[in-house]
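**Q** Residue numbers (the UniProt record's numbering): 1 to 276. From the three backbone atoms N, C-alpha and C, an ideal C-beta is built for every residue, glycine too. Note that this is a predicted model, so its numbers are computed, not measured.
1. Can you tell me the Cα-Cα spacing of residue 38 and residue 107, whole angstroms?
2. Under three-state DSSP, which class holds residue 244?
3. Residue ranges of each beta strand (DSSP E) run of no fewer than 3 residues wholly in the segment 84 to 124, ordered along the chain?
4. Quick one: Cα of residue 76 to Cα of residue 84, how far?
5. Taking the C-alpha atoms as reference points, what is the distance between residue 73 and residue 215?
6. State whether the segment 159 to 172 contacts the segment 244 to 253, with contact taken as three or more CB pairs (one from each stretch) at a distance under 8 Å.
7. If we ignore side chains and look at the alpha-carbon of each, how far apart do residue 257 and residue 219 end up?
8. Answer yes or no: do residue 269 and residue 103 have a C-beta to C-beta separation smaller than 8 Å?
9. Mind checking whether residue 160 and residue 259 have CB atoms under 8 Å apart?
10. Using the rule of at least 16 other Cβ atoms within 10 Å of the residue's Cβ for burial, across every protein chain shown, is residue 208 buried or exposed?
11. Going along the chain, which residues of its own chain have a beta-carbon closer than 6 Å to the beta-carbon of residue 133, five neighbours each way excluded?
12. Select from 121, 162, 176 the residue whose C-alpha is nearest the C-alpha of residue 212.
13. Please list the terminal residues of the continuous beta strand (DSSP E) segment that includes residue 158.
14. Taking residue 140 as the reference, give the member of 217, 266, 236, 271 with the closest Cα.
15. In whole angstroms, what is the alpha-carbon distance linking residue 148 and residue 243?
16. Could you work out which residue in 158, 241, 95 is closest to residue 180 when comparing CA atoms only?
17. Looking at the structure shown, is residue 193 part of a helix, part of a strand, or coil, going by DSSP?
18. In angstroms with no decimal places, state the Cα-to-Cα distance between residue 145 and residue 98.
19. Keeping to the same chain, check which residues put their C-beta closer than 6 Å to that of residue 187; ignore five residues upstream and five downstream.
20. Here's the rule I'm using: 16 or more other beta-carbon atoms within 10 Å means buried, otherwise exposed. How should residue 50 be labelled?
21. Taking the alpha carbon of residue 95 as the point to measure from, which residue in 210, 82, 105, 118 has its own alpha carbon closest?
22. Could you tell me the distance, in whole angstroms, from the CA atom of residue 226 to the CA atom of residue 86?
23. Straight-line CA distance for residue 150 to residue 185?
24. Short of 6 Å in beta carbon distance, which residues of its chain neighbour residue 262, apart from the five on each side in sequence? Order them along the chain.
25. How big is the Cα-Cα spacing for residue 196 and residue 238?
26. I need the DSSP call for residue 72, collapsed to helix, strand or coil.
27. Using CA atoms only, rank isn't needed, just tell me which of 129, 165, 229, 232 is closest to residue 267.
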């Protein structure tokens with residue numbers, strides 16, 4: 001049932017001319033960059049964020065604490081710490097439909113305080129808001145990492161896509177779809193002809209209003225293998241990767257997309273995204 005729900009969303013994305021199966025056309029998201037300064041006199045400060053930086057954020061200078069994350073990771077395949085520029089400036093494209101929104105904003109109560117904010121509201125259709133990055137002829141071994149801050153309302157049990165990772169070479173493809181439901185992470189694997197729900201070696205919990213670190217690693221040497229870590233705990237490990245994909249295109253996608261009727265609005269914050 002879950003596999004059909006995922007394929008239904010992927011088919012929906014294809015029907016509007018964008019998604020993960022076919023290349024997406026660049027287009028601007030519906031939302032604009034926004035800031036919402038707050039009084040921090042009685043608020044706890046995030047680790048690593050100085051008082052001066054928070055004051056600058058309130059004054060409209062919404063930079064994270066120095067040194068910049070991407071500045072200290074020179075030589076990475078791709079990096080975006082969401083500190084400068086517009087939404088998706090460094091990315092290959094966006095995929096946003098009515099009901100979904102992407103924005104760069106500041107929230108001194110959240111960690112990270114400066115981040116990409118992806119949100120989806122209650123709509124009759126299945127709203128989604130994604131950023132994607134294509135890395136053509138990617139390396140044989142690659143790890144994509146990022147921080148996530150989940151902020152959902154109440155005990156919502158809706159299922160939402162929060163990340164996708166795809167390798168493609170010609171007609172061959174291998175895709176992972178990460179779903180979050182009731183605070184639990186699950187991962188579905190899509191290959192040319194079948195869909196598999198990957199077994200987890202831990203519960204894959206993603207707490208609400210707490211920063212969580214993701215690492216998604218794919219290696220082809222000495223043998224193909226996938227490993228997913230959440231806060232340094234191995235959640236998934238598998239070796240079912242086609243060796244012919246090692247010279248293909250890597251697509252990494254972050255954002256939100258419902259796989260069924262949402263019960264409440266959802267909000268996710270992403271920061272320090274890097275592939276290396």
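**A** From the atom records:
1. Low confidence applies to residue 38: its pLDDT is 42, below 50, so where it sits in the model is not reliable, and the reading given next is rough at best. Computed Cα separation, rounded: 8 Å.
2. helix
3. 93 to 96, 100 to 106, 114 to 120
4. 18 Å
5. 16 Å
6. yes
7. 28 Å
8. no
9. yes
10. exposed
11. 78, 91, 92, 252
12. 162
13. From DSSP, residue 158 is part of no beta strand (DSSP E); its letter is neither H nor E.
14. 217
15. 30 Å
16. 158
17. coil
18. 28 Å
19. 176, 178, 198, 236
20. With a pLDDT of 38 at residue 50, under the threshold of 50, the modelled position of this residue cannot be trusted, and the question is left open.
21. 118
22. 32 Å
23. 12 Å
24. 122, 158
25. 11 Å
26. helix
27. 129
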